Each structure stands twice: as C-alpha cells, then as structure tokens.
Amino acid sequence: MFYRGRLSERLRLLFGVPEGSILGPILFLLYTAELFDVIAECGFTAHSYADDTQVYVSTPASDYSDAMRRLCGYIIQVQEWIANNRLKLNANKTQAGNTLAAE
Numbered sequence: 221m222f223y224r225g226r227l228s229e230r231l232r233l234l235f236g237v238p239e240g241s242i243l244g245p246i247l248f249l250l251y252t253a254e255l256f257d258v259i260a261e262c263g264f265t266a267h268s269y270a271d272d273t274q275v276y277v278s279t280p281a282s283d284y285s286d287a288m289r290r291l292c293g294y295i296i297q298v299q300e301w302i303a304n305n306r307l308k309l310n311a312n313k314t315q316a317g318n319t320l321a322a323e
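Note that the sequence shown covers residues 221 to 323 in this note's numbering.
Given below as structure tokens:
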C-alpha cells in the first residue's frame with residue numbers, strides 16, 4: 221500500500237488479519253455470522269459488540285427453571301461451534317457458565 225509517498229512493508233500473511241486492518245471488523249463479522257444461526261435455532265436472541273456476544277431469553281418468572289435448562293443446553297452447542305471455529309469462550313465472563321458452576 222502506498223501512503224504519503226511511502227510504501228508499506230510487504231508481509232506474507234498465512235492466517236488471520238493484521239491488527240488495525242480496515243478489513244478486520246468486517247471479516248470478523250463474516251467469520252462469526254453463523255453463530256447467530258446457531259443461537260436462533262436454539263430459540264434465543266443475541267447481539268454483539270465487537271467480539272462480545274450476549275445471548276438472552278425473555279420468559280415469565282414461572283418458566284425460569286426451564287429457560288435456564290434450555291440456556292445451559294444451548295451453551296454446550298455454542299461451545300462446540302466456538303471450538304470448531306477456533307475461537308475461545310471466556311468462561312469467566314459467561315454469566316450462565318458461572319450459574320452452572322454454582323449448581
């Protein structure tokens with residue numbers, strides 16, 4: 221790339237995206253888009269900000285136990301998807317994961 225009269229250093233990239241690349245956020249969204257399909261198949265809703273994804277379900281208080289059971293089952297599917305796509309789930313930031321550990 222040529223910028224202000226200077227040519228960027230050439231670098232052979234075998235995988236990933238250079239940090240700060242304008243393509244980075246777009247490529248990450250494309251890479252993780254399938255995760256939202258997995259979440260929807262489980263009957264949940266999600267939203268993301270950067271690399272942080274939140275999954276949630278709205279349910280009457282009387283259905284709390286069933287919703288938590290479903291959510292815990294869903295986490296296993298998400299963990300599998302994440303592992304298969306070479307990503308990492310941070311269990312310390314996973315609130316449902318913390319609930320599971322307490323049970």
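Even for Gly, the Cβ is constructed at its ideal location relative to N, Cα and C.
Please read these numbers as outputs of a predicted model, since none were measured by experiment.
Distance CB(residue i)-CB(residue j) smaller than 8 Å
i, j, result
"T273", "L249", "no"
"V258", "Q297", "yes"
"C262", "Y284", "no"
C-alpha gap between residue i and residue j, whole angstroms
i, j, result
"S282", "G240", "47 Å"
"G225", "A266", "45 Å"
"G244", "S278", "33 Å"
"Y223", "A253", "32 Å"
"T314", "R230", "39 Å"
In DSSP terms, what residue i is bridged to
i, result
"V275", "A266"
"Y223", "R226"
Count Cβ pairs between the segment 281 to 293 and the segment 301 to 309 that sit closer than 8 Å; are there 3 or more?
no
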